[in-house]
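*Asks:* Quick one: the structure is below, questions incoming.
In our numbering, the protein residues as written are 134 to 395.
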């Protein structure tokens, strides 16, 4: 156990040092996640003259929560893995005594800590601009949010890492992610809260993995009415599905792998 902890600590320290070398890029990544803030202004104006069931302050808090969630579940593993396969760099990973996935997990985990100060600064600035939106969630709601956020990142990472496995057969696995991103953008709650969807559409969407990547943890944080039990169980179900699919593609892909140096 001590050996495992030491390896994990070393991986995280190495990748954290790598991430903080690119502070300017991190700031750009944080700012790139400000789309919810832009959409917030649009929906606030619409809520003042429409019947959406949500007040303007609800939209402010919701899109702030979306911004926070996106800061923690941003994933880029498919681009790194595709490059490793196409350029043959995966061969060196396979010689190491750990599964290559742990390098990617450590990279993403370290990046969360590196971007945290910039994200907190933007949240603080947001509350200065919109003081009426300030709220303090209860401890139970906060704990549920943290759990949902961890599952959200796990699912987002696993989905993208599963799509990355197709790099063993095609040179542009990222094309699959780009198509997935279109559905993710519209069905996850980034563009609009699921409460605005027609009830029949919303019920169908809730059986897909998309709402549990953004809307579910955001709704838990601000107190929107959601079925927490169903949300967590559905998230776990999709995690199991993609985990099984991922390991199957990994074993098949290694047999097919023929990158430079393999």
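Virtual Cβ for every residue (Gly too), placed ideally from N, Cα, C.
Scan the stretch 256-281 and note each continuous alpha helix (DSSP H) run of 4 residues or more that stays entirely inside, going in chain order.
*Replies:* None, since the stretch 256-281 contains no complete alpha helix (DSSP H) of that length.
*Asks:* Are the beta-carbon atoms of residue 327 and residue 339 separated by less than 9 Å?
*Replies:* In the chain shown, residue 327 corresponds to position 194, counting from 1. In the chain shown, residue 339 corresponds to position 206, counting from 1. Result yes, Cβ atoms of residue 327 and residue 339 sit closer than 9 Å.
*Asks:* Distance check for residue 138 and residue 217, CA to CA, integer angstroms please.
*Replies:* The count along the chain shown starts at 1 and reaches residue 217 at position 84. The count along the chain shown starts at 1 and reaches residue 138 at position 5. Distance between the alpha carbons of residue 217 and residue 138 is about 26 Å.
*Asks:* Which stretch, first to last residue, makes up the alpha helix (DSSP H) that contains residue 215?
*Replies:* In the chain shown, residue 215 corresponds to position 82, counting from 1. Segment 210-220, the alpha helix (DSSP H) holding residue 215.
*Asks:* Measure from the alpha carbon of residue 194 to the alpha carbon of each residue in 207, 209, 215 and 170, then state which is nearest.
*Replies:* As a first step, residue 194 must be located in the chain shown, where it is residue number 61. Checked all of 207, 209, 215 and 170; the closest Cα to residue 194 is 170.
*Asks:* In angstroms, rounded to a whole number, what distance separates the CA positions of residue 363 and residue 281?
*Replies:* Translated into positions along the chain shown, residue 363 becomes position 230. Translated into positions along the chain shown, residue 281 becomes position 148. Approximately 12 Å between the Cα atoms of the pair.
*Asks:* Keeping to the same chain, check which residues put their C-beta closer than 6 Å to that of residue 390; ignore five residues upstream and five downstream.
*Replies:* Sequence index remark: in the chain shown, residue 390 carries index 257 (1-based). Hits under 6 Å: 301.
*Asks:* With C-beta atoms as the reference, is residue 277 less than 9 Å away from residue 371?
*Replies:* Taking the chain shown and counting its residues from 1, one reaches residue 277 at position 144. Taking the chain shown and counting its residues from 1, one reaches residue 371 at position 238. Cβ atoms of residue 277 and residue 371: not closer than 9 Å.
*Asks:* Could you tell me the alpha carbon to alpha carbon distance between residue 333 and residue 378, rounded to whole angstroms?
*Replies:* The residue given as residue 333 occupies position 200 in the chain shown. The residue given as residue 378 occupies position 245 in the chain shown. Whole-angstrom Cα-Cα distance: 29 Å.
*Asks:* Taking residue 366 as the reference, which of 205, 345 and 150 has the closest Cα?
*Replies:* The count along the chain shown starts at 1 and reaches residue 366 at position 233. Measuring from the Cα of residue 366, the nearest candidate turns out to be 345.
*Asks:* Below 8 Å on the Cβ atoms is my guess for residue 350 versus residue 285; work out the distance and round it to an integer in Å.
*Replies:* Here residue 350 corresponds to residue number 217 of the chain shown, with the count starting at 1. Here residue 285 corresponds to residue number 152 of the chain shown, with the count starting at 1. The pair is a contact, with the Cβ atoms about 5 Å apart (cut-off 8 Å).
*Asks:* One question on the structure: do residue 299 and residue 382 come within less than 9 Å of each other, judged by their Cβ atoms?
*Replies:* Residue mapping note: residue 299 aligns to position 166 of the chain shown, counting from 1. Residue mapping note: residue 382 aligns to position 249 of the chain shown, counting from 1. A contact, by the Cβ cut-off of 9 Å.
*Asks:* Does any residue of chain D bring its CB to less than 9 Å from the CB of residue 332?
*Replies:* In summary, chain D is missing from the structure at hand, where a single protein chain is found.
*Asks:* Applying the criterion that 16 or more other CB atoms from any shown protein chain within 10 Å of the CB defines a buried residue, is residue 342 buried or exposed?
*Replies:* Against the chain shown, residue 342 aligns to sequence position 209. By the neighbour-count rule (16 or more Cβ atoms within 10 Å), residue 342 is buried.
*Asks:* By the three-class DSSP mapping on this structure, what secondary structure does residue 347 have?
*Replies:* Within the chain shown, numbered from 1, the residue matching residue 347 stands at position 214. Looking at residue 347 - three-state DSSP - the assignment turns out to be coil, as it is neither helix nor strand.
*Asks:* Cα-Cα, which of 200, 144 and 145 is closest to residue 322?
*Replies:* Translated into positions along the chain shown, residue 322 becomes position 189. It is 200.
*Asks:* Is residue 356 helix, strand or coil when you go by DSSP?
*Replies:* On the chain shown, position 223 is the one that residue 356 refers to. If DSSP states are grouped into helix, strand and coil, residue 356 belongs with coil.
*Asks:* Measure the C-alpha to C-alpha separation of residue 373 and residue 388 and round it to an integer number of angstroms.
*Replies:* For the purposes of this step, residue 373 is taken as the residue at position 240 of the chain shown. For the purposes of this step, residue 388 is taken as the residue at position 255 of the chain shown. Roughly 23 Å between the two C-alpha positions.
*Asks:* Under three-state DSSP, which class holds residue 206?
*Replies:* One-based indexing of the chain shown puts residue 206 at position 73. Residue 206 falls in the coil class under three-state DSSP.
*Asks:* Roughly how many angstroms separate the alpha carbons of residue 347 and residue 189, rounded to a whole number?
*Replies:* As a working note, residue 347 is residue 214 in the chain shown. As a working note, residue 189 is residue 56 in the chain shown. Taking the straight line joining both Cα atoms gives about 20 Å.
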